[in-house]
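This report concerns only the one structure given below.
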Amino acid sequence: AQSVSQHNHHVILSEAASLELGCNYSYGGTVNLFWYVQYPGQHLQLLLKYFSGDPLVKGIKGFEAEFIKSKFSFNLRKPSVQWSDTAEYFCAVTYSSNTGKLIFGQGTTLQVKP
Amino acid sequence: EPEVTQTPSHQVTQMGQEVILRCVPISNHLYFYWYRQILGQKVEFLVSFYNNEISEKSEIFDDQFSVERPDGSNFTLKIRSTKLEDSAMYFCASRPQAHTDTQYFGPGTRLTVL
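Those protein sequences? They're chains A and B, same order as listed. At position 64 of the first sequence the residue is numbered 64 (this note's numbering), and the sequence of numbers has no breaks. Basically this note's numbering = 1-based index in the second sequence + 1000.
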């Protein structure tokens, strides 16, 4: 079955610490990969996406993610987090075989302490 | 910047009642989606809609659910006879056209079934 798993459910970091959130997806052919963020009280917003080309993609607010096809992974990274990065982070996938529906991971709650 | 909007932001209803959740997608978008997130669980796909018909639906989207685009701007999700387990946050999303386009999400409607 097509699925996405995020390894970290709740992460607590201090400001300026580095962040890496894991995301793995199940094999299902050609994939498009996304990271969405949901700040408290706000709607889901796109952080970054990968469709093809350079497997290292850069998104907004200093976030980046690396697509490693052999590992079915798309981990999110940020070298130095800020208090304002406190939010819930969702990895999501679309498979070329479906209608563009997003399949989400369970989400990771990031809490950054000032 | 254009946004997806949803109304109401919070709906409380009695079990067995019908509810209609409303969404206004971004105007030049062609693909429309409903997702839901039960508290503490992952965001789940419900249905996708293109060219005035359902293009894909999940197992959750049973006969109690229906979608409609009645007037070319609104996109509605109807639940005919709500159950306690329908309590969730319901998100509407839309995307322009290509499979590689980003889906834009609305702020969600929190449905509480008593």
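By construction, the Cβ of each residue, glycine as well, lies at the ideal position given by its N, Cα and C atoms.
Does the structure place the segment 1013-1033 of chain B close enough to the segment 49-66 of chain A that three or more beta carbon pairs sit under 8 Å? Taking a cut-off of 8 Å on C-beta distances, the segment 49-66 of chain A does not touch the segment 1013-1033 of chain B, as fewer than three cross pairs fall below it.
Looking only at its chain, what residues have a beta carbon closer than 6 Å to the beta carbon of R77/A, apart from the 5 residues adjacent to it on each side? By 1-based counting over the first sequence, the position of residue 77/A is 77. Excluding sequence neighbours, R77/A sits near E20, E64.
By the 10 Å Cβ neighbour count, where 16 or more other Cβ atoms means buried, how is G115/A classified, buried or exposed? As displayed, chain A neither begins before 1 nor continues past 114, which places residue 115/A out of reach and without an answer.
If you scan the segment 1006-1067 of chain B from start to end, which runs of the beta strand (DSSP E) of 3 or more residues do you find wholly inside it? 1010-1013, 1019-1024, 1031-1037, 1043-1050, 1053-1057
Which same chain residues, not among the five before or five after Y27/A, have their C-beta less than 8 Å away from its C-beta? Taking the first sequence and counting its residues from 1, one reaches residue 27/A at position 27. Excluding sequence neighbours, Y27/A sits near F72.
With C-beta atoms as the reference, is V1004/B less than 9 Å away from N1074/B? Residue mapping note: residue 1004/B aligns to position 4 of the second sequence, counting from 1. Residue mapping note: residue 1074/B aligns to position 74 of the second sequence, counting from 1. Cβ atoms of V1004/B and N1074/B: not closer than 9 Å.
Could you tell me whether the Cβ of E1044/B comes closer than 9 Å to any Cβ of chain A? Numbered from 1 along the second sequence, position 44 holds the residue referred to as residue 1044/B. Yes, because at least one Cβ of chain A sits closer than 9 Å to the Cβ of E1044/B.
Do W35/A and A92/A have their beta-carbon atoms positioned less than 9 Å apart in this structure? Working through the first sequence from its first residue, we reach residue 92/A at position 92. Working through the first sequence from its first residue, we reach residue 35/A at position 35. Result yes, Cβ atoms of A92/A and W35/A sit closer than 9 Å.
Run through chain A and tell me which residues come within less than 8 Å of P1107/B, C-beta to C-beta. As a first step, residue 1107/B is located in the second sequence; it is residue number 107 there, counting from the start. Listed along chain A, the residues sitting closer than 8 Å to P1107/B by beta-carbon distance are Q42, H43.
Could you check what DSSP says for K122/A in three-state terms: helix, strand or coil? For residue 122/A there is no data in the structure shown, the boundaries of chain A being 1 and 114.
Whole angstroms are fine: how far does the CA of S70/A sit from the CA of R1095/B? For the purposes of this step, residue 1095/B is identified with residue 95 of the second sequence, where counting begins at 1. For the purposes of this step, residue 70/A is identified with residue 70 of the first sequence, where counting begins at 1. So the two alpha carbons sit approximately 29 Å from each other.
Can you pull the DSSP bridge partners for T30/A? By 1-based counting over the first sequence, the position of residue 30/A is 30. According to DSSP, T30/A shares a beta bridge with no other residue.
Do L102/A and Y1090/B have their C-beta atoms closer together than 9 Å? Along the first sequence, one-based indexing puts residue 102/A at 102. Along the second sequence, one-based indexing puts residue 1090/B at 90. No, Cβ-Cβ distance for L102/A and Y1090/B is not below 9 Å.
Starting from the Cα of L1021/B, find the closest Cα among Q1097/B, T1076/B, L1030/B and give me that residue. For the purposes of this step, residue 1021/B is identified with residue 21 of the second sequence, where counting begins at 1. The residue with the shortest Cα to Cα distance from L1021/B is T1076/B.
Interface partners of Q106/A on chain B, CB under 8 Å: As a first step, residue 106/A must be located in the first sequence, where it is residue number 106. Chain B residues near Q106/A: Q1041, K1042.
Kindly indicate which three-state DSSP category E1003/B falls into: helix, strand or coil? As a working note, residue 1003/B is residue 3 in the second sequence. Of the three classes helix, strand and coil, the one that applies to E1003/B here is coil, per DSSP.
Mind checking which residues open and close the beta strand (DSSP E) that includes S5/A? The residue labelled residue 5/A in the question sits at position 5 within the first sequence. 4-6 is the extent of the beta strand (DSSP E) around S5/A.
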